[in-house]
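Data first, discussion second: the structure below is written as structure tokens.
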Amino acid sequence: MNLKTTLIETRRKLHAAAETGFELDNTKKLLRQLLSDISIPPHEQAGGLIAELGRGKSCVLLRSDMDALPLQDGKSVSYRSLQEGFCHACGHDAHMAMLYGGALLLKEVHLAGKVRFMFQPAEECPPGGALGMIEAGVLEGVDMAFALHLAPWLPYGTIGIKEGATMAATDNFKIIIRGRSGHGAMPHECVDAVLSASHVVTGLQALVSRMADPLEPLVITVGKISGGTAANVIADSVVLEGTARTLSSEMRSKLPNWIENVAKNICAAFGAECELDYMFGYPVLRNTNGGIEIAVEAAKKVVGEEKIVRLDRPLMGGEDFAYVLERVPGAFIFLGTGDEQYPYPLHHPCFDFDEKILPVGAELFRELAKIVLRDA
Ligand code: NI
């Protein structure tokens, strides 16, 4: 069977078996079988799988995530998810197939060092699965690390590379606002938590426009508001839940105080009280210069210089591969799957892509490993 057919079949099996978070029994079973069949049986570590090829002092780490999203597959294709309410809508099934393809290709190469294949759980649910594997030693002896992500926002078959800050720090927050309930017709005898919450929501946007340096990206989104019981009852409590995205650690470190000040003081103005729970998520993902150089060289080999897109803007999405790149040099690389036939973005229940891209990812993994180990 040729590489393309093998990888399409692999991807489809993984796609149908979609699982989320750390609950990846069937996914890991499939990977264990595939890797064992090519004589690189993986071992389990912190909910993930690690397989290793080659020997020697130098070591390059290649990573794929394994988890799907908790949403219903909206596609009507033969390989659609068989797991009710779970769907690989972020392409992690493709990442696994491509990393497996990388292993297949690297088996045929004489290696002057080790390639470590990292299959990690729970990328989609902070605090994520990478950190646990790092704590358990997945980066021991690693010189450089690389990961790929499908990018439907880039032209099909291109490879997107960004220098420096590439993905945002992604924090979440919860603001609990407490007022005093009463009759909707007698506001003067109550403290209206809904009104305070409304002012807090707009006040938070003023942080973006008035407190943050206009040249520093900041996104604050309140995505969920819950409170109140009836149309004619003044609400005694409201909970706001949101996310904050930044690209600098300086700005990030200011946010909990800024948010707390705005929320507390606005609430105080109306007699309400509030409490902030700020949860730091993934840090800023930063590609290193050495990692970029290797990524560009590998991409040239696989798709040619004209298909390399040098991205000048980071993404405000987050990625726990950031923890890996905080510790070892390397890069997070985008693989363009933009195609009129597949118009849906990542995280859409109908997201899909032309599977002919799978061997490209596998070849990119092979070239990355070859270059690192050649230079080591
Ligand atoms: Ni993803």
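With positions in the sequence shown counted from 1, the corresponding number in the working numbering is that position plus 3. Cβ atoms here follow ideal geometry from the backbone N, Cα and C, with glycine treated the same way.
Can you give me the C-alpha to C-alpha distance between residue i and residue j, rounded to a whole angstrom?
{"i": "A302", "j": "L207", "result": "42 Å"}
{"i": "K165", "j": "A298", "result": "10 Å"}
{"i": "D174", "j": "V305", "result": "36 Å"}
{"i": "R181", "j": "G226", "result": "19 Å"}
{"i": "E219", "j": "R248", "result": "11 Å"}
{"i": "N29", "j": "S229", "result": "36 Å"}
{"i": "G140", "j": "A272", "result": "51 Å"}
{"i": "S256", "j": "V265", "result": "16 Å"}
{"i": "A234", "j": "P190", "result": "13 Å"}
{"i": "P332", "j": "A150", "result": "12 Å"}
{"i": "G51", "j": "L65", "result": "13 Å"}
Mind checking who residue i pairs with in its DSSP beta bridge?
{"i": "H152", "result": "F337"}
{"i": "V241", "result": "I180, G230"}
{"i": "H46", "result": "I53"}
{"i": "T249", "result": "A172, L221"}
{"i": "P158", "result": "G341"}
{"i": "Q36", "result": "In the DSSP output, where bridge partners are listed per residue, Q36 has none listed."}
{"i": "Q123", "result": "D68"}
{"i": "G185", "result": "I237"}
{"i": "V194", "result": "R183"}
{"i": "C62", "result": "K117"}
{"i": "I164", "result": "R313"}
{"i": "L318", "result": "M170"}
Might you give, ordered along the chain, the residues of its own chain that have their beta carbon closer than 6 Å to the beta carbon of residue i, omitting 5 neighbours on each side?
{"i": "I360", "result": "T340"}
{"i": "A365", "result": "M101, G104, G105, L108"}
{"i": "S184", "result": "I237, D239"}
{"i": "E322", "result": "M170, L288"}
{"i": "R330", "result": "L142"}
{"i": "K7", "result": "P362"}
To which residues of the same chain is residue i closer than 7 Å at the C-beta, ignoring the five residues directly before and after it?
{"i": "K373", "result": "V112"}
{"i": "D68", "result": "H95, H98, Q123, E126"}
{"i": "M254", "result": "A215, E219, L221"}
Determine the burial state of residue i: buried for a count of at least 16 other Cβ atoms within 10 Å of its Cβ, exposed for fewer.
{"i": "M136", "result": "buried"}
{"i": "Q123", "result": "buried"}
{"i": "N268", "result": "exposed"}
{"i": "S199", "result": "buried"}
{"i": "S84", "result": "buried"}
{"i": "P45", "result": "buried"}
Can you determine whether any heavy atom of the ligand HEM sits closer than 7 Å to the C-beta of residue i, and answer yes or no?
{"i": "H91", "result": "The model depicted lacks the ligand HEM and carries the ligand NI instead."}
Between residue i and the rest of its own chain, which residues show a CB-CB distance below 8 Å, the 5 nearest in sequence each way excluded?
{"i": "I328", "result": "Here residue 328 turns out to be Leu, not Ile, going by the sequence shown. Same-chain partners within the cutoff: A148, L288, R289, N290, T291, G294, A334, F335."}
{"i": "Y347", "result": "P155, C353, F354, D355"}
In the region 275–313, which residue ranges form an unbroken beta strand (DSSP E) of at least 3 residues, counting only runs that do not cross its ends? 276–285, 288–290
Any chance you could list the alpha helix (DSSP H) runs of at least 4 consecutive residues sitting entirely within the region 76–148, in chain order? 95–109, 133–138
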